[in-house]
Amino acid sequence: MPVQVEKQPPELFVITDEKGPILYAPLRRVMARANENAIRIALDYAADPTSLTNQDDESRVMIQALEEHGFFERRPFPSHEPDFRPTQVTLFPTNRCNLRCSYCYAFGGEGGGNGEQLTTLSLDAARRAIDFIAKNAQELAAEGMPCRNFLVSIHGNGEPFSAFETLREIVWYARDLSEEVDFPVVLNTATNGVMNEEQLEFLVANFDNVNISFDGLPELQDAQRPLADGSGSFIYVDRTMRRLAEAELNFGIRATVTEAMVVRMAEIAAFVADNYPSVEQLHFEPVWECGRCVTSSDSTPSAELFCENYLKALEVAREKGLRLVYSGARQDMITDAFCKVSSGSYTVTPTGDVTACYEVSYKSDPRSERYFYGRYDPELGDYVYDEDKLGELADLNVKNIPFCTDCFCRWHCTGDCAAKVLEGRTPAEHQGSQRCVINRRLTLNQIQRKMDWREEDAR
Ligand code: SF4
Ligand code: SF4
Ligand code: SF4
50 MPVQVEKQPP
60 ELFVITDEKG
70 PILYAPLRRV
80 MARANENAIR
90 IALDYAADPT
100 SLTNQDDESR
110 VMIQALEEHG
120 FFERRPFPSH
130 EPDFRPTQVT
140 LFPTNRCNLR
150 CSYCYAFGGE
160 GGGNGEQLTT
170 LSLDAARRAI
180 DFIAKNAQEL
190 AAEGMPCRNF
200 LVSIHGNGEP
210 FSAFETLREI
220 VWYARDLSEE
230 VDFPVVLNTA
240 TNGVMNEEQL
250 EFLVANFDNV
260 NISFDGLPEL
270 QDAQRPLADG
280 SGSFIYVDRT
290 MRRLAEAELN
300 FGIRATVTEA
310 MVVRMAEIAA
320 FVADNYPSVE
330 QLHFEPVWEC
340 GRCVTSSDST
350 PSAELFCENY
360 LKALEVAREK
370 GLRLVYSGAR
380 QDMITDAFCK
390 VSSGSYTVTP
400 TGDVTACYEV
410 SYKSDPRSER
420 YFYGRYDPEL
430 GDYVYDEDKL
440 GELADLNVKN
450 IPFCTDCFCR
460 WHCTGDCAAK
470 VLEGRTPAEH
480 QGSQRCVINR
490 RLTLNQIQRK
500 MDWREEDAR
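Residue numbers (my numbering): 50 to 508.
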C-alpha cells in the first residue's frame, strides 16, 4: 500500500502506512497509531479545542493522553540568533590527493577540474583562524554560554595527509594554544586513510575523532577509490583501520553508494562490522552526480533501490551492533537548517578563502558567489569577512523554503543539503530532489521502528 501523508494544523501529520494511520507531531517528535475515528477526533480537537465537549469519556481520555505527550502543543519553531562567533573551524590543508576517486566532487588532486592550482594552506592563515575560534570559545564560555572547547577539523577538497607538514603544524599549534590559554581543543579529521607509517602514528596519537572514507568492500574500494596511479587502495586503508582498532580508537566510516554497488549495502555492513569492530558508525550516502562523477561512469542509484538496500543493511547492522546513518534521515533532530551553512559554518580552503560549504571550495565554482564570505589577507595578517554575504547565507533556512512546508520531515531534513539541492537557486525556488524520496522513506522507517519498539516493550 502506498504511504499517504496529510498535513493538519498545528504541525500535525497523518501518515498512513500498511498498518493504518499514524498521528505524528514532528516538533515534539511524538507519534501514535490510532484508528481513523480517533484520528478524526484528535484533528477536530487540534483545530478547535471546544469540539471535545461533544465527545464521550473514552475520547476525552484519549485526547488527554495525547495532550500529555505534547501532540497539541504549539511549540515555537527552532531558530538561532545571527551572531558570527564561530567556535569551530574546518581547515583544508591542501587540494592535492593521493587517490583519484571516480566520483570525487572536488576533482581531488586535479585542481577542482577547472585548472585551478594545486596548493597548500599557509600556516599564517591556519593559525589566525584557530586564534579566532579559540578566542570566541573563551568569550562565550565567560559569558556563561555552554561552550566547553574549540574545535579544529581537518579535511579537505584533497587529502589532508598529502600536506603532512602543514597538517602537523596545525595540530601542534592548536594543542599549544589550548595549553597556553588553558581551554580545551578537540581535533577531528576526515581522511582517505592512505598514508605512511609516520602519518598513521601521528593520526593515532593526535586526533579525538577520525572519519575514514572507505567504500566498504576490498574490490569496491579498489575500483571506486584507486590510487593516483590507478592501482588499488584497499590494503592501505585496511592497515589504517586495523591500526586504529588496535589503538582502541573509535572511528567512523563513510561509504559512497553508486548504482553499481547499491545492492551490496548489506554485505558492506556485515564486512565492516566483522572486520573493524571499533567502528562507531557506518555512514552511507548515495553519490551525487557532480565533479569527477560527471566524467566517469558512476551514477546515482535510484531512490527506491537505495532505500531497499539501506533497510536490508540496517537489519544486518542492528544484529551486529553497528550504527548505520544516512544524512537525510534524522527523525531524532529538530532544527531549521540541514547543516551550519546558514549559521556561521567556517571553513578555510587551501587558498585561504572562507566558505560556508565543504563542497564549494573553489572560486571557479559558480556557487562560490553564494558560499564564499571571507578570505585571509596576508598583508593585514588577518581575515576579512563580508557581512552582507553572511546575512544572505542566514536565509538558507527551511522557513524560507515553501516546497518543504507540507513535508513531515520539514524540521528534521530541513530542505536537505543546500549546495546539492539548490545549486544556484534561491530557497523560494527549491524544487526538492530524488533525495526527498529517500529522506521521507527512511525517516518514516525511523518513526515506524520507534512505534514497534514501544509495542514490543509493552508486551
Ligand atoms: S580521497 Fe577525497 S579528495 Fe581525494 S579523490 Fe577521493 S574523494 Fe576526492
Ligand atoms: S550545504 Fe551540503 S555540502 Fe555544503 S556543508 Fe552543508 S551539507 Fe555539506
Ligand atoms: S527537502 Fe524534501 S524531504 Fe527534505 S524537508 Fe524538503 S520536501 Fe521534505
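The beta-carbon is built from N, C-alpha and C at its ideal position, and this holds for glycine as well.
Using beta-carbon positions only, say whether residue i and residue j come within less than 9 Å of one another.
i	j	result
Arg419	Leu439	no
Ser282	Ala239	no
His461	Met382	yes
Met80	Ala87	no
Val306	Glu334	yes
Arg341	Tyr152	yes
Phe387	Thr475	no
Asp437	Gly423	no
Thr289	Val243	yes
Val253	Gln187	no
Asp66	Leu493	yes
Leu269	Glu218	no
Asn206	Pro415	no
Asn147	Ala277	yes
Asp180	Leu226	yes
Ala91	Ile71	no
Pro326	Ala366	no
Ser391	Asn446	yes
Leu509	Val234	This structure cannot settle anything about residue 509, because the visible part of the chain is limited to 50 through 508.
Glu122	Leu189	no
Pro135	Gly393	yes
Residues bridged to residue i by DSSP?
i	result
Phe333	Ala304
Gln53	Thr65
Arg372	Gln330
Tyr432	Tyr425
Val403	Val397 and Gly423
Ile71	Ile64 and Arg82
Leu276	Leu148
Thr349	BP columns for Thr349 are empty, so no partner.
Thr169	Thr143
Could you tell me how far apart the beta carbons of residue i and residue j are, in whole angstroms, since I believe they sit closer than 8 Å?
i	j	result
Leu363	Leu373	5 Å
Gln137	Ile182	6 Å
Gln480	Arg78	About 27 Å; that fails the 8 Å criterion.
Pro451	Ala477	6 Å
Ser262	Arg303	5 Å
Ala273	Asp264	What sits at residue 273 in the sequence shown is Gln, not Ala. Rounded, the Cβ-Cβ distance is 5 Å, consistent with contact.
Phe120	Leu61	7 Å
Asn358	Ala315	7 Å
Val397	Ala178	5 Å
Arg490	Cys356	5 Å
Val321	Leu371	7 Å
Asn255	Val220	5 Å
Asp455	Ser482	Contact doesn't hold; Cβ gap of about 17 Å is too wide.
Phe300	Asn260	7 Å
From what residue to what residue does the alpha helix (DSSP H) around residue i run?
i	result
Ser108	Asp106 to Glu117
Asn324	Met314 to Asn324
Met80	Premise fails: Met80 lies in the beta strand (DSSP E), Val79 to Arg82, not in any alpha helix (DSSP H).
Gly440	Glu436 to Leu442
Arg341	First-last for Arg341: undefined, no H or E at that position.
Ser262	Not the alpha helix (DSSP H): Ser262 falls in the beta strand (DSSP E), residues Asn258 to Ser262.
Asp132	Premise fails: Asp132 is in no alpha helix (DSSP H) and is neither H nor E.
Thr289	Phe283 to Glu295
Tyr94	Glu85 to Ala96
Ala309	Neither: Ala309 is in no alpha helix (DSSP H) and is coded neither H nor E.
Ala467	Ala467 to Val470
Asp231	Counting along the chain, Asp231 falls outside any alpha helix (DSSP H), and DSSP gives it neither H nor E.
Arg459	Arg459 to Cys462
Glu509	Any question about residue 509 goes unanswered here, given that the chain covers just 50 to 508.
Ala254	Glu246 to Asn255
Starting from residue i, follow the beta strand (DSSP E) in both directions and report where the run begins and ends.
i	result
Ile182	Careful: Ile182 lies outside any beta strand (DSSP E), inside the alpha helix (DSSP H) at Leu172 to Ala191.
Ser202	Phe199 to Ile203
Asn237	Val234 to Thr240
Gln137	Gln137 to Leu140
Asn358	First-last for Asn358: Ala352 to Lys369, but that is the alpha helix (DSSP H), not the beta strand (DSSP E).
Any heavy atom of ligand 4 within a distance shorter than 8 Å of the CB on residue i?
i	result
Arg274	Absent from the structure shown: ligand 4. Ligands present: ligand 1, ligand 2 and ligand 3.
Counting pairs of Cβ atoms below 8 Å between the stretch 207-215 and the stretch 135-148, do you hit three or more?
Cβ pair count under 8 Å is three or more, so yes.
Say whether the stretch 421-437 touches the stretch 469-486, bearing in mind that this needs 3 or more beta-carbon pairs closer than 8 Å, one atom from each stretch.
The stretch 421-437 is not in contact with the stretch 469-486.
May I ask you to verify whether the stretch 397-412 touches the stretch 160-177, counting CB pairs closer than 8 Å and requiring at least 3?
The stretch 397-412 vs the stretch 160-177: in contact.
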